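In this text, residue positions in the sequence shown follow the numbering used here: the first is 137, and each later residue adds one.
A short worksheet on the structure shown next.
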Amino acid sequence: MIRACAARRARRAKGDAADGPGAGSGIREASGPAHKLGRMQAIQYDETGGPEVLRLVDVPVPEPEGARVRVAVRAAGVNPADWKIRRGLMPGPQFPRRAGIEIAGVVDAAGPEAAWQVGDEVIGWAEGGGYAEFALAERLVAKPAELSFLDAVAIPVAANTAGGGLAELNLEPDETLLVNGASGAVGSMAAQLARAAGVRVIGTASAANQDVVQSFGATPTTYGEGVADRVRALAPNGVDAVFDCAGHGFLDAAIELRGGTDRIITIADVSAEEKGVRFYSRPGGPLDIVAEAARLLAAEAIRLPAPARTFPLAEAAAAQRESESGHGLGKIVLITAPR
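In structure tokens, the structure reads:
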């Protein structure tokens, strides 16, 4: 039987019944207009292509089963993987396809085996599309109360990728790590997590973002022609590992600096395999690094590069164009109005 919750957990604990599409299913569910209507807005597309293929559609509100929950999405992160899947550069689910994987919001309904409770604030990965008013999810961690949804949604993908990459490089305290693109979402997270572990970090960024990189505790330098010489001047004894988060032809300099391809990974250069460098991708992985990054951000032990750049859900195409341009700092986030 569905247990309704309007605003207080006390009411949910009493197990009051509510009518709706999940009635009699064992789903614990919140009450509200969306559930009475059974509909929601989401971003969907039917073919690969440019941002113009993205459409705002009216679809049924999904019902969680098993250990999944339904999240009332407050913020959806826009990531490079989103537009790469849209363009056909990365594999995606069958059409029609819902966009987005990264969400922050409030548990709105919970399957009978879910560990979360209705009303819990969470961040993590959406299943079946995160650019929506509601999304199903299982891979989640708690959102610290001190963090806004806007800031919190910047954590899952960046922390998962950065933390996994650092583990792959097997860094030790006092070693030197070179991060290419240290002012971006993943690069800034990698630089700060490495610094917290006692690793010395040299970070590349544009001339305009040198102070941003320095604020993370890293030694900044500009990328582009001559970057290998600039890094040598900063690290006369060499660098122990390289984490390429930006691409733009950086791998040749990285290989030159390392004297080979050992302990170099990239998340941005698709030519990596041709050069003998590992292209690193981490679609899954333990959630502990995401929870730890959330804790560190809430404690102000790490920081985001800049405030979020926000778009309403209906402007998902414009948000992806912004992401694809590669310009600007700050997480690109789609905002949905609470129901």
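Even glycine gets a Cβ: it sits at the ideal position worked out from N, Cα and C.
Just so it is clear, the structure is predicted and the values come from calculations on it, not from any experiment.
Expected contact under 8 Å - CB spacing of residue i and residue j to nearest Å
i, j, result
"Glu-269", "Val-209", "6 Å"
"Cys-381", "Ala-326", "7 Å"
"Pro-280", "Arg-431", "7 Å"
"Leu-313", "Val-363", "Actually they do not touch by this definition, with Cβ atoms about 15 Å apart."
"Ala-245", "Val-254", "7 Å"
"Thr-355", "Val-337", "7 Å"
"Ala-333", "Pro-372", "Rounded, the Cβ-Cβ distance is 23 Å, inconsistent with contact."
"Arg-206", "Pro-200", "5 Å"
Residue i (DSSP reduced to helix, strand or coil)
i, result
"Pro-187", "helix"
"Thr-297", "helix"
"Gly-320", "coil"
"Arg-234", "strand"
"Gln-180", "strand"
"Leu-313", "strand"
"Leu-423", "coil"
"Arg-418", "coil"
"Val-197", "coil"
"Val-258", "strand"
"Pro-157", "Per-residue confidence for Pro-157 stands at a pLDDT of 47, beneath the threshold of 50, marking its modelled position as unreliable; no derived number is given."
"Pro-216", "helix"
"Val-391", "The residue you asked about is not Val; residue 391 is Ile in the sequence shown. Of the three classes helix, strand and coil, the one that applies to Ile-391 here is helix, per DSSP."
"Leu-192", "strand"
"Ala-208", "strand"
"Val-335", "coil"
"Asp-380", "strand"
"Glu-165", "strand"
"Cys-141", "Confidence is the limiting factor: at Cys-141 the pLDDT is only 36, short of 50, which leaves the residue's position unreliable and the question unanswerable from this model."
"Leu-470", "strand"
"Ala-444", "coil"
"Arg-439", "coil"
"Asp-405", "coil"
"Arg-431", "helix"
"Arg-175", "strand"
"Val-243", "strand"
"Ala-371", "coil"
6 Å CB neighbourhood of residue i in its chain, flanking five on each side removed
i, result
"Glu-282", "Ala-434"
"Ile-237", "Trp-261, Ala-262, Gly-266"
"Thr-446", "Val-469, Ile-471"
"Tyr-359", "Thr-340"
"Phe-285", "Arg-210, Ala-211, Ala-240"
"Glu-392", "Ala-364"
"Asn-306", "none"
"Val-349", "Ala-318, Ser-319, Gly-339, Ala-341, Pro-356"
"Glu-311", "Val-335, Asp-376"
Residue i vs residue j beta-carbon contact at 8 Å
i, j, result
"Asp-218", "Ala-240", "no"
"Ile-400", "Val-378", "yes"
"Ala-178", "Val-193", "yes"
"Val-455", "Val-289", "Note that residue 455 corresponds to Ala in the displayed sequence, not to Val. Not a contact, by the Cβ cut-off of 8 Å."
"Leu-272", "Leu-302", "no"
"Gly-421", "Asn-296", "yes"
"Ala-429", "Gly-466", "no"
"Val-242", "Trp-252", "no"
"Arg-223", "Tyr-181", "no"
"Val-426", "Pro-216", "no"
"Ala-318", "Phe-352", "yes"
"Ala-404", "Gly-383", "yes"
Beta-carbon contacts of residue i that lie in its chain and below 7 Å, excluding the five residues immediately before and after
i, result
"Leu-423", "Arg-275, Val-277"
"Ala-408", "Leu-387, Thr-402, Arg-414, Phe-415"
"Ile-221", "Gly-228"
"Ala-294", "Ala-321, Val-322, Met-325"
"Gly-300", "Arg-418, Gly-421"
Closer than 8 Å to chain B by CB, residue i
i, result
"Gly-255", "The displayed structure is made up of one protein chain only, and chain B is not part of it."
Close Cβ partners of residue i (< 8 Å) along its chain, the five nearest in sequence each way excluded
i, result
"Gln-230", "none"
"Leu-440", "Asp-287, Ala-290, Ser-324, Leu-433, Gly-466, Lys-467"
"Arg-457", "Pro-187"
"Met-226", "Ala-217, Lys-220"
"Leu-370", "Ile-338, Thr-355, Thr-357"
"Glu-183", "Val-189, Phe-231"
Task: Ranges of the beta strand (DSSP E) found wholly within the segment 261-294, counting only runs of at least 3 - done: 270-278
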